[in-house]
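A.B. asks: Chains as they are written, first to last, in the numbering used here: chain A, 709 to 1016; chain B, 4 to 323.
Can you read through this structure? Questions will come right after.
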Amino acid sequence: MARQNWVLIAVIVLVGLIPASGSRFYVFLATDILIFGLFAVSLNLLLGYTGLVSFGQAAFFGIGAYTCALLKKKAGITFALAFPAAGLLGAAAALIIGMFCVRLTKIYFAMLTLAFSQIIWAIAFKWNSLTGGDNGIIGINFPQYLDSKTRYFYFTLTIVTLSLFILRKIVNSPFGRILTTIRENPERTEFIGINVKLYQLLAFIIAGFFSAVAGAIFGVFNHSVFPDILFWSASAEVLIMTLLGGMYSFFGPVVGAAVLLYLRMQVASYTEYWPLILGTMLALLLFFFPGGIVGFIQARTPKTANSK
Amino acid sequence: MFATGTSPCASRKGATAREGFVLMSLPDPSFLIIQALNGLTNAMFLFLIASGLSIIFGVLGVLNFAHGSLYMLGAYLTHQCVSFFVDVPGYFWWAVILASLAVALLGGVIERLFLRRLYHREELYQLLFTYALVLILSDLAKLIWGTDQFSVSRPAILKGAVEIFGQYFPKYNVVIIFLGPCIAFLFWFIMLRTRWGRMIRAAALDRETLGALGVNVNLLFTVVFVSGSWLAGLGGALVSPVSAIVPGMDVEIIINAFIVVVIGGLGSFWGTFLGALIVGQVYSLGILVLPRLSMVFIYVLMVLVLIIRPWGLLGRSLQR
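Right under this line is the structure:
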């Protein structure tokens, strides 16, 4: 465990050195990866740890992005307040939506999360006076003290590191262990006197909070928010990231986000047929590497294979 | 709300100025009828597509995201066949038959070669595989047909319109409104009265036992997937004269088809029919009442059904 922590610190330091390369491209890409890495890990708290297939996680990402953007632009509230408010509103929305969703199981849970996220998408799409509809909200500036791509990158790195640290504490806590137990067998977990629905709801709220935090960072990072980020295909994409990296490992989704976003950047300069490549990649992954990248590596490394 | 205005012209005259203003904002009843008929036409298209989705879910337990892509391919292939056979008499119908059969064949290939290998895995893998198909098929369609918008002209005998209460309604839509229930009855008959229908219903309940009784469940699954795909292809082929054939029509239809099967009940046949009618009317009439909110309303309806009756309006209440 201690060795893993040293590796993590080394990775964070290395990521922190990216701006020193002087490449604006890599700073941009690294910020993007950090944001979606956090988003994917928060989804994986539901998917990999609790066994809940949320097909509407983009709703909370979008709520975070819109809340932060609207509070900053329309209400003139400073970023320092708008940013945590975005996370809290995401958690509140997850509380309300989650109360209904956790009553259902499996495919019905997935469909209900999808339906809720589509409601939020439709509202953002149609409520022109508030959200700008299809034109979105543009011209969201960096706060003054973060007024450069590099500074914003360090801000993102700090928040994401902190969030991942908290999430890792959560999944390794007794609470997290119970979530894993629920994933393995909800009925038996119920039998040992655990309120399964309550734990699922708490996981849903935590996931909603961190998805919204990721969304809030994303909106300001792009200086704009569009309803696309709420659409169901956005939820599908983050599911793919999670699965690509490996849903049975904590940092798997971050790896998935990194690989997917890097590939998309690279592919975009050669061809417009990125969905074709993503689709093929996803199909290959599902058939041949169901454990994702991290799962594949772990299965090939004898030492960690035993400890799983 | 609209039922009160049976003779709005008469009441409009006697009404005070303020009431008159309210009544004026109500559309003409004959227009409402046409709008309802348009909703009915859309409902029939939705039914064709959603019934395929529903039967595949009911038997195979797979929620097929790629169903909308099969529908899109049906439309594109019809366009292709129409431009190919334009000199043959009755070319439109030949194109519909050929295109829907080609889509059915593709469905068979997908099930046999790929989907079959994922049945023993978690639902998430099946779900994401069909999503991978959505991505692949949408880009393949773009590669083959480009991003231009196509349209297919209506067959010659159905070109005009019929007059209903002084409004014109296309003949083609009338045919679709009659064709929808015909296909529904055909499927209902097959499911209820034939040997294959009985086996399909049995497979939906307990596939292991059915296999133990000596039924070739693998073949049955392929047959179900092929017929579901055929319905999607047929929907796409028949919609081609009334709707633009564009990239993105796959994603647009699949969500509506999901809403239909969820409202009606996943795997329930008549539920799908009812769901299609409801969704069709909400879209066509809802747009008159609250144009902004009709889309929100349809999702709210889906959420309400899932919360109150997760198995849908006419579905069986069973723990899956």
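Positions of the beta carbon are idealized from the N, C-alpha and C atoms, including for glycine.
Being a predicted model, the structure only gives us computed values, none of them experimental.
#1: Which residues in chain B sit within 8 Å of Ile785 (chain A), going by Cβ to Cβ distance?
#2: Which of the residues in the region 205-235 of chain B, read from start to end, lie with their CB under 9 Å from any CB of chain A?
#3: Any idea which residues DSSP pairs Val165 (chain B) with across the strands?
#4: Hey, quick one: how far does the alpha helix (DSSP H) through Pro961 (chain A) stretch, first residue to last?
#5: With H, G and I counted as helix, E and B as strand and the rest as coil, what does DSSP make of Leu317 (chain B)?
#6: What residues in the region 874-908 of chain A bring their beta carbon closer than 9 Å to a beta carbon of chain D?
#7: List, in order along the chain, the chain A residues whose C-beta lies closer than 8 Å to that of Leu131 (chain B)?
#8: Might you give, ordered along the chain, the residues of its own chain that have their beta carbon closer than 6 Å to the beta carbon of Tyr134 (chain B), omitting 5 neighbours on each side?
#9: Name the chain B residues that come within less than 9 Å of Val761 (chain A), Cβ to Cβ?
#10: How should Trp714 (chain A) be labelled, buried or exposed, when 16 other C-beta atoms within 10 angstroms of its C-beta is the threshold for buried?
#11: Could you run through the region 823-850 of chain A and flag, in chain order, every residue whose CB is less than 7 Å away from some CB of chain B?
#12: Mapping the DSSP letters down to three states, classify Ser762 (chain A) as helix, strand or coil.
#13: Mind checking who Val303 (chain B) pairs with in its DSSP beta bridge?
#14: Taking only beta-carbon atoms, is Met819 (chain A) less than 8 Å away from chain B?
#15: Between the C-alpha atoms of Ser957 (chain A) and Leu288 (chain B), what's the straight-line distance to the nearest angstrom?
#16: Considering just the uninterrupted stretch of the alpha helix (DSSP H) at Ala159 (chain B), what are its terminal residues?
#17: Are the region 259-266 of chain B and the region 279-287 of chain B touching by the rule of at least three beta carbon pairs closer than 8 Å?
#18: Does the Cβ-Cβ distance between Phe833 (chain A) and Ala801 (chain A) come in under 8 Å?
#19: When you compare each of B:Ser246, B:Arg201, B:Glu255 to Val62 (chain B) by their alpha carbons, which one comes out closest?
#20: Taking the alpha-carbon of Ile58 (chain B) as reference, which of B:Ser297, B:Glu211, B:Val306, B:Arg204 has the nearest alpha-carbon?
#21: Flag this pair as yes or no: are the beta carbons of Gly269 (chain B) and Gly238 (chain B) separated by less than 8 Å?
#22: Would you say Ser141 (chain B) reaches chain A, if we count a Cβ-Cβ gap shorter than 8 Å as a contact?
#23: Let's see if you can read the secondary structure: which residues bound the alpha helix (DSSP H) around Gly268 (chain B)?
#24: With a cut-off of 8 Å, does the C-beta of Met252 (chain B) fall near any C-beta of chain A?
#25: Terminal residues of the continuous alpha helix (DSSP H) containing His70 (chain B)?
#26: Excluding sequence positions up to five away, which residues of its chain have a Cβ less than 8 Å from the Cβ of Ala748 (chain A)?
#27: At a Cβ threshold of 8 Å, is Trp940 (chain A) touching chain B?
#28: On the three-pair Cβ rule with 8 Å, is the region 773-785 of chain A touching the region 867-877 of chain A?
#29: Could you check how far apart the C-beta atoms of Val137 (chain B) and Asp253 (chain B) are, in whole angstroms? I think they sit under 8 Å.
#30: Below 8 Å on the Cβ atoms is my guess for Val921 (chain A) versus Gly764 (chain A); work out the distance and round it to an integer in Å.
#31: Select from B:Phe190, B:Gly42, B:Gly278, B:Asp31 the residue whose C-alpha is nearest the C-alpha of Ile290 (chain B).
#32: Determine, for Phe863 (chain A), whether the minimum Cβ-Cβ distance to residues of chain B falls below 8 Å.
#33: Alpha carbons only, please: which of B:Asn221, B:Pro250, B:Val299 is nearest the one belonging to Leu116 (chain B)?
#34: For Leu216 (chain B) and Val229 (chain B), what's the separation of their Cα atoms in angstroms?
#35: Flag this pair as touching only if the region 171-178 of chain B and the region 104-123 of chain B have three or more C-beta atom pairs under 8 Å; answer yes or no.
#36: Taking any Cβ of chain A, which residues in the region 300-318 of chain B have a Cβ under 7 Å from it, in chain order?
C.D. replies: So, from the listed chains and residues:
#1: The contacting residues do not exist; Ile785 (chain A) stays about 27 Å from chain B at best.
#2: none
#3: Val165 (chain B) is bridged to B:Phe172.
#4: 960-976
#5: coil
#6: The structure shown contains no chain D; its protein chains are A and B.
#7: Ordered by position in chain A, the residues that pass the 8 Å Cβ test against Leu131 (chain B) are Ala944, Leu947, Ile948, Leu951, Leu990, Leu994.
#8: Phe68
#9: Glu125, Glu126, Leu127, Leu130
#10: Exposed, since its Cβ has fewer than 16 Cβ neighbours within 10 Å.
#11: Ala823, Phe824, Gln826, Ile827, Ala830, Ile831, Lys834
#12: Looking at Ser762 (chain A) - three-state DSSP - the assignment turns out to be coil, as it is neither helix nor strand.
#13: Looking at the DSSP output, Val303 (chain B) bridges to nothing.
#14: yes
#15: 49 Å
#16: First-last for Ala159 (chain B): undefined, no H or E at that position.
#17: yes
#18: no
#19: B:Arg201
#20: In terms of CA proximity to Ile58 (chain B), B:Arg204 leads the group B:Ser297, B:Glu211, B:Val306, B:Arg204.
#21: Note that residue 269 (chain B) is Leu in the sequence shown, not Gly. In this structure, Gly238 (chain B) does not lie closer than 8 Å to Leu269 (chain B) by Cβ.
#22: yes
#23: DSSP places Gly268 (chain B) outside any alpha helix (DSSP H), giving it a letter other than H or E.
#24: By the rule that beta-carbons nearer than 8 Å mark a contact, Met252 (chain B) does not touch chain A.
#25: 70-87 is the extent of the alpha helix (DSSP H) around His70 (chain B).
#26: Closer than 8 Å at Cβ, skipping near neighbours: Val946, Met949, Thr950, Gly953, Pro961, Val962, Gly964, Ala965.
#27: Interface residue, yes.
#28: no
#29: 6 Å
#30: Not a contact, Cβ separation roughly 17 Å.
#31: The shortest Cα separation from Ile290 (chain B) among B:Phe190, B:Gly42, B:Gly278, B:Asp31 belongs to B:Gly42.
#32: Not a single C-beta of chain B is nearer than 8 Å to the C-beta of Phe863 (chain A).
#33: Nearest to Leu116 (chain B) by C-alpha distance, out of B:Asn221, B:Pro250, B:Val299, is B:Asn221.
#34: 23 Å
#35: Below 8 Å, too few C-beta pairs join the region 171-178 of chain B and the region 104-123 of chain B to call them touching: fewer than three.
#36: Flagged, chain order: Tyr302, Val303, Met305, Val306, Leu309, Ile310, Pro313.
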